[in-house]
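Structure, as structure tokens:
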Amino acid sequence: MPDDDDPDTIRFAYTIPSREVIEVVKAVAATGAVLPIAPPGPNSSWALDFSGPALKCTNISEPLRSEIRSNIASATGSASNCEAYGYLAWLEGMPFLNTSQTNASGSGEHAFNSRIFQGSSMPAVLYLAASPEAMRRADHESPPAACSKPAASLYAPEAGGLMLECALQSASYHTAFDYINGLQDVDLSTVPLDETTIQTVSSVNCTTAHGSEGSCDFTPGILRTLSFQAVMDAVAYLLTGFVSAEGNATAPFMSTQVISTALISTPELHFLTQPILEQDSTAGARTLQQNVLAWSSTRDQGLVKSDPRSPTSSLAETIEDLFKNATVSMMSQQHLQPNASSAFAPPPVNVTHRTFHNVYTYSKTKLWITYSVAITVTAITAILGLIAVAASGASYSSSNSFSSAFRLARGAMLSTDMRNEDFDGRDPLPAHLAKAKMWPEHTRTSQASRVDSILLSRRSRTSSIALSERPKTQSRRSSASLLGVPPDIEPPTKPWSAF
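Here it is in structure tokens:
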């Protein structure tokens, strides 16, 4: 927009963070962790070092601590018109302004300081104060304790109270990203570069914009400061405000979004998740679900019994971690990625890609036992087979099994005659061959040798037989020869095979 003092100069004024920055900060504040960042591969890792914003939270010391307590006490009011503040967060100055305006609830003579980073340059500092005792009541009819007790005792550390100041500083980030099957693991650490609190930028005069060109050159320092304060502005937008209690109200009045952040799980702010406590109650008022779990039968219990999470980090540490996670999570936004052609673009980094495969590991002893048993059994089986082959005097192999069967059956003898139509081997089996018996060639040969020897002996013994009887003997011999067995020799009782 044009400058009022110099129409030829264009002035840029800071207003609010961009929508993308606000969305990232809200998501990180709700989860308390770094948002998922798209990796270049499902199993990849890389390290990245860069300069970024960081918050340094410390306890407020005197005399500022006493001034804040006095300011809160003046805004609390009297017992008849009282508003007790259990949580407050603001930017610069005191929590309440000394004006004639009333506060958010309409009581008191002070208005809450809701100033943001606009209008003028100021230190980027966020202040917080909390006291669980401030809203505690003696009974249902009594006002909160802050209406009758001094603020010094309510916001003292021994009473559970605290006062923090979180200053925006420049820090060096070291991040290590590791992804295993798409599961993200981020190792994050920071080292302060400058412990000086950053001053916000309210506006920038563009002295190089002249005529119709409208060009403007921004220095890297200005751009960095605007980026830093935008992240803090988005965080302050969630945390600033107050939580108060009036009269005998059982529910607090909230003018802040801190209840929707992960800070509510810290020991210092956990009391904000409970109804207003009574002084004589050590556990505080119970919720409906807690009463159902305590009094009703199992049939009425709609939720499982679970112990509340025990907070492990203080409020100061949690705020610092939340801010760091929000800064790194800006990488998850597509619209916030750096322009590679810019002079301020970060340098490329080396990415390691890993490939996983199955690896089988066995004990040496188990392997030796398993393979030794297998080799021993195989060797014994082979030896027994060779012994059996040698003892039977046969030698067969799988490669000539058909030829062996063919040679064995070629000279076999059947107990019945084969007809011409029987040689084609078609089914069904002819009835006259169903009960036929077969003898191998070597059996028939041995029988034939025996027959020849018997016939020779008989021929010598019967040389004196009359010539009239020879035709009958020859006829019987011819009949026996057809079967390959002499008439008085019985065939083998155990045939080699049968159909």
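Numbering (this note's numbering), first residue to last: 88 to 586.
Note that CB positions come from ideal geometry on N, CA and C, so glycine has one too.
Quantities reported herein were computed from a predicted structural model and do not represent experimental measurements.
Around the CB of VAL318, 16 or more other CB atoms lie within 10 Å, so the residue is classed as buried. The beta strand (DSSP E) runs lying completely inside the stretch 116-164 and spanning 3 residues or more are 131-146, given in chain order.
The DSSP-derived three-state label of ASN412 is helix. Residue burial is scored here from C-beta neighbours: ALA403 has at least 16 other C-beta atoms within 10 angstroms and is therefore classed as buried. When DSSP reads this structure, LEU249 sits in a beta bridge with ALA217. Its Cα nearest to that of PRO127, the residue LEU270 stands out among ALA100, LEU270 and GLN256. Among the bridge pairs identified by DSSP, TYR458 is matched with none. Within a 10 Å sphere around the beta-carbon of TYR458 sit fewer than 16 other beta-carbons, which makes this residue exposed. Boundaries of the alpha helix (DSSP H) around PHE315: 307-326. Of all C-beta pairs linking the stretch 267-284 to the stretch 241-249, fewer than three are shorter than 8 Å, placing the two stretches out of contact. A direct Cα-to-Cα measurement between PHE340 and VAL330 gives close to 6 Å. Sequence-distant partners of LEU501 (beyond 5 residues in either direction) whose C-beta falls short of 6 Å from its own C-beta, in its chain, are ALA523 and MET525. Residues of the same chain with a CB within less than 7 Å of the CB of LEU423, apart from the 5 flanking positions on each side, are GLU107 and MET417 in chain order.
Shown here, ASP509 sits in a helix according to DSSP, grouped into three states. SER105 and ASN146 have their C-alpha atoms roughly 31 Å apart.
Looking at the DSSP output, SER259 sits in a beta bridge with SER138 and VAL278. For the 7 Å CB-CB criterion, SER208 and GLN316 do not form a contact. By the Cβ neighbour-count rule, SER347 is exposed, with fewer than 16 other Cβ atoms within 10 Å of its own. Distance between THR284 and ASP272, taken at the CA atoms: about 31 Å. Three or more beta-carbon pairs separated by less than 8 Å are not found between the stretch 350-363 and the stretch 120-140, which leaves the two stretches without contact. Going by C-alpha positions, HIS261 is about 15 Å away from GLU407.
Judged by DSSP secondary structure, ALA518 falls within the alpha helix (DSSP H) whose first and last residues are 518-521.
Just measuring C-alpha positions, the residue of ARG506, THR360, VAL345 and ALA321 sitting nearest ALA338 is THR360.
The C-alpha of PRO210 lies about 39 Å from the C-alpha of VAL438. Between the beta-carbon of ARG98 and that of ASN292 there is about 5 Å, and that keeps the pair under the 8 Å contact cut. Counting other Cβ atoms within 10 Å of its Cβ, ASP514 stays below 16 and is therefore classed as exposed. Using a Cβ distance threshold of 7 Å, ALA221 and GLY173 count as a contacting pair. The three-state reading of DSSP puts PHE431 in coil, since its state is none of H, G, I, E or B.
DSSP, reduced to helix, strand and coil, places GLN271 within a strand of the structure shown. In the DSSP assignment, LEU178 falls within the unbroken beta strand (DSSP E) covering 170-178. DSSP places THR348 outside both helix and strand once states are collapsed to three, so it counts as coil.
Nearest Cα to VAL115 within the set ALA125, ALA321 and ALA469: ALA321. A direct Cα-Cα distance of roughly 10 Å separates VAL415 from VAL112.
Rounded to the nearest angstrom, the gap between the Cα atoms of ALA430 and PRO307 is 10 Å. Judged by beta-carbon spacing, SER132 lies within the 7 Å limit of ASP265, meaning their Cβ atoms are closer than that value. Counting only residues of its own chain and dropping the five nearest sequence neighbours on each side, ALA461 has no CB closer than 6 Å to any other CB.
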